[in-house]
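A.B. asks: With this note's numbering, the residue at position 402 of the sequence shown is 390, and numbering never jumps. Beta carbons: idealized from backbone N, C-alpha and C, even for Gly.
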Amino acid sequence: MLPPAPNRSQPILRFSAITDNFALVCPRMISFAARYPSAPINPPARRSAPNADVHRAPCPAHREICMRRLSLSLLFSTVFILAPVASAAPGAVQWQLDTGAPVRAAPLLVGDTLIVGNADGMLRGLDWPSRKPRWQQALKGSLGSQPTHAGDRIYVQTNRQVYALSVKDGRILWQRDLGDQGDWRGFKLWDTFQGSPVVHGDRLLVAFGDSLYALALADGATRWRYESAYRLMATPTVVGDKVLIADGDGQLSAVALATGKALWRKQPGRDTIQTRIAVWNKLGIYGSRDAAVHAFDLNTGKEAWRASHDTSWVVGSALVQGDVAYIGSSDGLFFQALDAASGRELWRVDTGQNAFTAPVYANGQLLLATGDAYQLDRPGRVTAVGLDGKRHWQAELPAGLFGQPIVVGDTLMVGAENGRLYGVSLR
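1. Which residues mark the beginning and the end of the beta strand (DSSP E) in which leucine 356 is found?
2. What are the residues that DSSP puts in a beta bridge with glycine 105?
3. Measuring CA to CA, which of Ile265, Met110, Ile142 is closest to glycine 99?
4. For lysine 270 versus aspartate 285, is the C-beta distance shorter than 8 Å?
5. Nearest to aspartate 115 by CA position, among Thr101, Gln125, Asp108, Asn106, is which residue?
6. Near glycine 129, what residues of its chain come up, given a Cβ to Cβ distance below 7 Å and the 5 sequence neighbours on each side ignored?
7. Quick one: what does DSSP say asparagine 342 is sitting in, helix, strand or coil?
8. Since threonine 210 is in the beta strand (DSSP E), which residue starts that stretch and which ends it?
9. State the start and end residues of the unbroken beta strand (DSSP E) segment that holds valine 373.
10. Quick one: what's got a C-beta closer than 6 Å to asparagine 351's C-beta in the same chain, skipping five residues either side?
11. Applying the 10 Å Cβ sphere with the 16-neighbour rule, what's the burial state of glycine 105?
12. For proline 491, which option in Trp123, Val302, Gly132 has the closest C-alpha, if you only look at C-alpha atoms?
13. For the beta strand (DSSP E) holding methionine 401, just list the boundary residues, first then last.
14. Using the beta-carbon count (16 or more within 10 Å), is tyrosine 362 buried or exposed?
15. Is the beta carbon of proline 347 sitting closer than 8 Å to the one on phenylalanine 322?
16. Could you tell me the distance, in whole angstroms, from the CA atom of glycine 377 to the CA atom of leucine 326?
17. Under 8 Å between the Cβ atoms of leucine 111 and valine 144?
18. Along the chain, which unbroken stretches of the alpha helix (DSSP H) at least 4 residues long are found entirely within the region 204 to 273?
19. Near alanine 234, what residues of its chain come up, given a Cβ to Cβ distance below 7 Å and the 5 sequence neighbours on each side ignored?
20. What separation, rounded to the nearest whole angstrom, lies between the Cα atoms of serine 216 and leucine 203?
21. Would DSSP call leucine 299 helix, strand or coil?
22. Measuring only the C-alpha atoms, how far is serine 250 from valine 227?
23. For serine 296, verify whether its CB is less than 7 Å away from any heavy atom of the ligand SAM.
24. Using a 10 Å radius around the Cβ and a threshold of 16 neighbouring Cβ atoms, would you call lysine 290 buried or exposed?
25. Buried or exposed for glycine 208, please, with buried defined as at least 16 other CB atoms from any protein chain shown within 10 angstroms of its CB.
Here's what the structure looks like:
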């Protein structure tokens, strides 16, 4: 039996090596349609006797069957896959893009080019908003962090290399081998890499291995290098004339932006910090695997307050809006709002899943992506919460969500463990 004809109103994009078939199959479909113009299909007549012949529908019925079979052939052999999608409503999936490997790196929109990377190191540039592929580039290593950009270049960090590529065609302009940081694919060791390169002036700040590098944007040459005591897994934060970074042994460091010299180092705990440091007034705010959210003085590193998450790691970064810090918990399975000045909890919402990413603010609400970090193939969720802590809606997606989401217009884009990037409607 043939499956139902697909809804062609919205495409799912799938990358395939057999794209040449598109040019072969399309003319055949057009030719076939020309040979058999549409006509009403007559229902078969009833049998007049047990041995009577069955009267079948004339040629148009045969045409319809053949056309649907041909459509299925086209469906699985070209760059575009058409499939039904949910109607536009908050939390509805508008479109999805199959990349072939888990998407743990946040996408990036540069002009009308959408940049998407996956855990197999495949980086793609798509036309926005059609999402038609423009180029793809296979990189060494695994992509687990969001690319950044400056002008007509994008800068990408894998667990093996740092790259500068052309936004237009994906051509590699330069690459640097800074060593091998190990395998980030999977969460068996819970060493989720979340650090992304940061552009500041004519420099690219990269946390790689146990060092923070300042590289020249033009050619990747090293301007300076700061060595930490342990592996760096967080995105650097620039505040004024210094760079803030945290390492896998719980150490905080402030480094001079101009020279890479240490300004101060503090060791508030011995547990891994893999979150980017958020800034509120004169405080830095971050989560740690010591089951707490911390705030410290930006000038001295002295701890200002600590908010306990009981026994749960805090591995997703905080989002600061106004005087409130919003952050998710891992095994605590909740999302909370903290007073940025004191760390006092204002409200919390149960998520039922692990949060590995920072919340995103859009259209007057907070959006948090979650997943089951113990069973990666279980469905993930996007939870929308108002600034007052009231849940607006919650949408379930087919696999866990451990990539940082971004918002473009009224669409939330988030990567999943099943290798797909989803476009979720916010209205």
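C.D. replies: Taking the structure as given:
1. Within the sequence shown, the letter at position 368 stands for residue 356. Leucine 356 -> beta strand (DSSP E) spans 353 to 358.
2. In the sequence shown, residue 105 corresponds to position 117, counting from 1. Note: glycine 105 sits in a beta bridge opposite Leu111.
3. Stepping through the sequence shown from its first residue, residue 99 is reached at position 111. Put simply, of Ile265, Met110, Ile142 the residue whose alpha carbon is nearest the alpha carbon of glycine 99 is Ile142.
4. In the sequence shown, counting from the first residue as 1, residue 270 sits at position 282. In the sequence shown, counting from the first residue as 1, residue 285 sits at position 297. The Cβ atoms of lysine 270 and aspartate 285 lie closer than 8 Å to each other.
5. For the purposes of this step, residue 115 is taken as the residue at position 127 of the sequence shown. Of the candidates Thr101, Gln125, Asp108, Asn106, Thr101 places its Cα closest to the Cα of aspartate 115.
6. Counting from 1 along the sequence shown, the entry for residue 129 is found at position 141. Contacts found: Gly109, Thr146, Asn147, Arg148, Gln149.
7. Counted from its first residue, the sequence shown places residue 342 at position 354. Strand at asparagine 342.
8. Position 222 of the sequence shown, counted from the start, is the residue given in the question as residue 210. If you look at threonine 210, you'll find it in the beta strand (DSSP E) that goes 210 to 215.
9. Reading the sequence shown from its first residue, position 385 is the one you call residue 373. 368 to 374 is the extent of the beta strand (DSSP E) around valine 373.
10. Reading the sequence shown from its first residue, position 363 is the one you call residue 351. For asparagine 351, where only same-chain residues beyond five positions count, the Cβ hits under 6 Å are Leu414.
11. Along the sequence shown, one-based indexing puts residue 105 at 117. By the neighbour-count rule (16 or more Cβ atoms within 10 Å), glycine 105 is buried.
12. As displayed, the chain neither begins before -11 nor continues past 415, which places residue 491 out of reach and without an answer.
13. Along the sequence shown, one-based indexing puts residue 401 at 413. Bounds of the beta strand (DSSP E) holding methionine 401 are 399 to 403.
14. As a working mapping, residue 362 is identified with position 374 in the sequence shown. Residue burial annotation: tyrosine 362 is exposed, with fewer than 16 other C-beta atoms found within 10 angstroms of its C-beta.
15. The residue given as residue 347 occupies position 359 in the sequence shown. The residue given as residue 322 occupies position 334 in the sequence shown. Cβ atoms of proline 347 and phenylalanine 322: not closer than 8 Å.
16. Working through the sequence shown from its first residue, we reach residue 377 at position 389. Working through the sequence shown from its first residue, we reach residue 326 at position 338. Spanning the alpha carbons of glycine 377 and leucine 326 requires a straight line of approximately 11 Å.
17. By 1-based counting over the sequence shown, the position of residue 111 is 123. By 1-based counting over the sequence shown, the position of residue 144 is 156. In contact: leucine 111 and valine 144 (Cβ atoms closer than 8 Å).
18. Correct list: empty.
19. Residue numbering aside, residue 234 sits at position 246 when the sequence shown is read from its first letter. So the list reads Ala222, Leu240, Ile261, Ile265, Tyr274, once near-sequence residues are dropped.
20. The residue you call residue 216 lines up with position 228 of the sequence shown. The residue you call residue 203 lines up with position 215 of the sequence shown. Pairing serine 216 with leucine 203, the inter-Cα distance amounts to about 17 Å.
21. As a first step, residue 299 must be located in the sequence shown, where it is residue number 311. Looking at the sequence shown, residue 299 is not leucine but threonine. Coil, per DSSP.
22. Position 262 of the sequence shown, counted from the start, is the residue given in the question as residue 250. Position 239 of the sequence shown, counted from the start, is the residue given in the question as residue 227. Going by the sequence as given, residue 250 is alanine instead of serine. Those two C-alpha atoms are separated by around 14 Å.
23. Ligands in the displayed structure: none, and consequently the ligand SAM is not present.
24. If you number the sequence shown from 1, residue 290 lands on position 302. Counting Cβ neighbours within 10 Å, lysine 290 comes out exposed, since fewer than 16 surround it.
25. The residue you call residue 208 lines up with position 220 of the sequence shown. Burial state of glycine 208 is buried, judged by a 10 Å Cβ sphere holding 16 or more other Cβ atoms.
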